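Residue numbers (numbering that gives the first Met the number 0): 0 to 469.
Have a look at the structure below, then the notes.
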Amino acid sequence: MRVNRRGVAMLATLISVLACSPADEPTPPAAGQSAADRRAGAPGIGDPDFPRDGNGGYDVSHYDLVVDYTPATKRLDGVATISASATQELSSFNLDLTGLDVREVAVNDAPATFTRKGEELTVRPARAIADEAPFTVKVTYTGQPKPASDNANLGTYGFIPTPDGAFVASEPNGSKTWFPGNDHPADKATFDFTITVPAGVTALANGEMTGQPTTSGGKTTYRWRERHPMATYLATATLGKFDLRQGSTAAGIPNLAAADPRFKSSLDSLHTLSGQITDYWATVFGPYPFSSTGGVVDDYSAGYALENQTKPLYGGFQPDETIIAHELAHQWFGNSLTIRRWKDLWLNEGFATYAEWLWAEHKGTKTAEATFKELQSRPATDPMWKYPPGRARPDDLFNQSVYTRGGMTLHALRRAIGDPAFFTLLKTWTAEHRYGHVTTGQFVALAERLSGKNLDALFDAWLLQPRKPS
Ligand SMILES: [Zn+2]
């Protein structure tokens, strides 16, 4: 994710409005449980900073999402079929879902009972699920999706209705605004999308289209498949009037750009730059991890862009090459390699910010060294030095330090170990953890292994100390 500078003023206003939302969140159950409860899946996946995000007791492998949406009424009818495996015996388990009415839940095709509380949908199958057993849960639901908003996340996110469709950008935990699931990056899965919209509306989801759209009765159905594992916050079904430009990058990766008619003039440059940048990053970061690339410009003024897998989404502005370089770098850092805990967000944002500097270096406009020196000249009183980027805070997750000081951490590392080791490290990192999960500790260990140096002091000063590194 990156804030678009022109959007900052608007966001600052929005944040001041949102900052006073009431804290009426239910408390998760305590650890002491009755014998019967011990078989209940936990209501959170175990991220101490986001205790109710995701769920425990199972691991999702696939989401099959069937969604019908009508912009005029803002009504969504959905059927989510989730394939998962139990990681404990389960008398019940939770899914994350906010708003929307649940009509029916079935587990392994048998009707199941369910309850709602806050953002938790608790499902009780007719028979307990055995530890390690695969199972499917099918949820039929309906209603008008309401986007999420809070001051930690720079405004409004999730499924955001627009006059001609919807703008869908869900970081960090907004997928629950439009489909039930295990809404935390620690549980990635593949996705199929079947999206039905009024004829004339285009549906853009992750991955590639499987077959041509079909139209009947004034409605068109689009089918998309993301066959590589994906975090829920990267799932999208962005809907609306779009002009499309399709093709391939020079290296042969399918490339789809889409722009709302208001941004039609951005379409060619978005398509060209997305192709060039995807190919260039493959030479720096290692092979492109997914089956297609591109980007989407919608006319909703989000004030930010999000790196939705295979289709970064730009909210209401013409993206320049810097922000495209940022969002496409995330396809490696964040999307293929995914954080287990939000506190490690610098592994996404520090890397994507550093990628902006590497792109400028590649284009010959400014070296990363020059950018680093400029930032390092900021006085010790600059707020960036107070916020340790290696410990992203839930109440200020997307703090500028996570981006800028995170990027500076990588440049300090490059200085310490030299260019050959540094660029080998980037490629080894993406190769060893392709499609997997990562932690800061793993990155530090790999940097030390490849460089043969003890880097504890460097990472401690740059990532963990609330002061300017000397
Ligand atoms: Zn970002």
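Note that CB positions come from ideal geometry on N, CA and C, so glycine has one too.
Note that this is a predicted model, so its numbers are computed, not measured.
Boundaries (first-last residue) of the beta strand (DSSP E) holding residue i
{"i": "H210", "result": "In the sequence under discussion, the amino acid at residue 210 is Gly, which differs from the His named in the question. No beta strand (DSSP E) holds G210; DSSP gives it neither H nor E."}
{"i": "Y303", "result": "Y303 to L305"}
{"i": "H61", "result": "Y57 to T69"}
{"i": "Y386", "result": "From DSSP, Y386 is part of no beta strand (DSSP E); its letter is neither H nor E."}
{"i": "W223", "result": "K218 to M229"}
{"i": "T139", "result": "P133 to G142"}
{"i": "L255", "result": "P253 to A258"}
{"i": "D149", "result": "A147 to D149"}
Nonlocal neighbours in the same chain, by C-beta distance under 6 Å from residue i, ignoring five residues either side
{"i": "H270", "result": "R244 and A256"}
{"i": "A230", "result": "P184, K187 and T337"}
{"i": "T155", "result": "P146 and S148"}
{"i": "V104", "result": "A111, F113, V122 and V138"}
{"i": "G216", "result": "none"}
{"i": "D191", "result": "D63 and R224"}
Nearest candidate by alpha-carbon position, reference residue i, set the options
{"i": "A129", "options": "A83, A188, T121 and G406", "result": "A83"}
{"i": "D95", "options": "Y313, Q399 and V122", "result": "V122"}
{"i": "G246", "options": "L327, N254 and G217", "result": "N254"}
{"i": "E431", "options": "D395, F284 and H329", "result": "F284"}
{"i": "E320", "options": "I276, I416 and T176", "result": "I276"}
{"i": "V401", "options": "N93, N307 and A351", "result": "A351"}
{"i": "G471", "options": "K310, V101, L424 and A71", "result": "An answer regarding residue 471 cannot be provided, because it is not within the stretch 0 to 469 covered by the chain."}
{"i": "N296", "options": "S268, K342, G157 and D455", "result": "The question names Asn, yet the displayed sequence has Val at residue 296. Measuring from the Cα of V296, the nearest candidate turns out to be S268."}
{"i": "A304", "options": "S169, D395, P288 and G180", "result": "S169"}
{"i": "P179", "options": "G164, T201, Y140 and F166", "result": "Y140"}
{"i": "A79", "options": "A71, D108, K263 and T438", "result": "D108"}
{"i": "P311", "options": "H329, K218 and A301", "result": "H329"}
{"i": "K73", "options": "P393, D163, T97 and R1", "result": "D163"}
{"i": "G294", "options": "P286, G314, T282 and L462", "result": "G314"}
{"i": "L327", "options": "G157, P318 and E306", "result": "E306"}
Where residue i falls: helix, strand or coil (DSSP)
{"i": "R115", "result": "strand"}
{"i": "T438", "result": "coil"}
{"i": "W177", "result": "coil"}
{"i": "W331", "result": "coil"}
{"i": "I81", "result": "strand"}
{"i": "P160", "result": "strand"}
{"i": "E326", "result": "helix"}
{"i": "A185", "result": "coil"}
{"i": "S90", "result": "coil"}
{"i": "S169", "result": "coil"}
{"i": "F289", "result": "coil"}
{"i": "V443", "result": "helix"}
{"i": "A109", "result": "strand"}
{"i": "L396", "result": "coil"}
{"i": "P124", "result": "coil"}
{"i": "A379", "result": "coil"}
{"i": "P197", "result": "strand"}
{"i": "F421", "result": "helix"}
{"i": "D36", "result": "helix"}
{"i": "L96", "result": "coil"}
{"i": "T72", "result": "coil"}
{"i": "T309", "result": "coil"}
Delimiting residues of the alpha helix (DSSP H) encompassing residue i
{"i": "L374", "result": "A367 to Q375"}
{"i": "H270", "result": "L266 to F284"}
{"i": "L243", "result": "That residue, L243, is in no alpha helix (DSSP H); its beta strand (DSSP E) goes D242 to S247."}
{"i": "I416", "result": "Q399 to I416"}
{"i": "F360", "result": "First, the amino acid is wrong: residue 360 is Glu here, not Phe. Where E360 is concerned, the enclosing alpha helix (DSSP H) stretches over W345 to K362."}
{"i": "A236", "result": "Where A236 is concerned, there is no enclosing alpha helix (DSSP H), although the beta strand (DSSP E) it sits in stretches over A236 to G239."}
{"i": "F316", "result": "Per DSSP, F316 belongs to no alpha helix (DSSP H) and is neither H nor E."}
{"i": "L457", "result": "D455 to F458"}
Same chain, Cβ closer than 7 Å to residue i, neighbours up to 5 away in sequence not counted
{"i": "Q399", "result": "M383"}
{"i": "Q464", "result": "P387"}
{"i": "P25", "result": "With a pLDDT of only 44 at P25, under 50, the local geometry of the prediction cannot be trusted, and the value read off the model is given with reservation. The residues are K116 and G117."}
{"i": "G405", "result": "W345, E348, G349, T352 and P388"}
{"i": "G56", "result": "G40, A41, A85, T86, Q87, L89 and F92"}
{"i": "L457", "result": "A411, L412 and A415"}
{"i": "A202", "result": "I194, V196, Y221, A236 and L238"}
{"i": "D259", "result": "G239, K240, F241, V296, D297 and D298"}
Contacts around residue i, its chain only, beta-carbon distance under 8 Å, and the 5 residues preceding and following it disregarded
{"i": "Y279", "result": "W358 and H361"}
{"i": "G274", "result": "G246, S247, T248, A249, I252, N254 and T292"}
{"i": "R38", "result": "Q87, E88, L89, S90, S91 and A127"}
{"i": "R261", "result": "D298"}
{"i": "G45", "result": "G53, G55 and A185"}
{"i": "G142", "result": "R74, L75, G98, L99 and D100"}
{"i": "A22", "result": "Because A22 sits at a pLDDT of 38, beneath the cut-off of 50, its placement in the model cannot be relied upon, and the following sentence gives the value as read from the coordinates. Within the same chain, A22 has no close Cβ partners at all."}
Short CB-CB distance (under 8 Å) between residue i and chain C
{"i": "I128", "result": "Note that chain C does not occur in the displayed structure, where there is just one protein chain."}
Residue i CB to nearest heavy atom of ligand 2 below 7 Å
{"i": "E306", "result": "The model on display carries ligand 1 but not ligand 2."}
Quiz item: Is the segment 84-94 close to the segment 193-207, with three or more CB pairs under 8 Å?
Solution: The segment 84-94, when compared against the segment 193-207, does not touch it at the 8 Å Cβ threshold.
Quiz item: Just checking, does the segment 368-381 make contact with the segment 407-426 on the three C-beta pairs under 8 Å criterion?
Solution: Cβ pair count under 8 Å is three or more, so yes.
Quiz prompt | Cβ contact (3+ pairs, closer than 8 Å) linking the segment 131-144 and the segment 211-222 | solution = With contact defined as three or more Cβ pairs closer than 8 Å, the segment 131-144 and the segment 211-222 are not in contact.
Self-check item: the segment 102-115 touching the segment 40-53, judged by at least three CB pairs closer than 8 Å
Solution: No: fewer than three Cβ pairs fall under 8 Å.
Practice problem: Report yes or no: do three or more beta-carbon pairs, one from the segment 64-74 and one from the segment 43-54, lie closer than 8 Å? | Solution: Verdict: no, contact absent.
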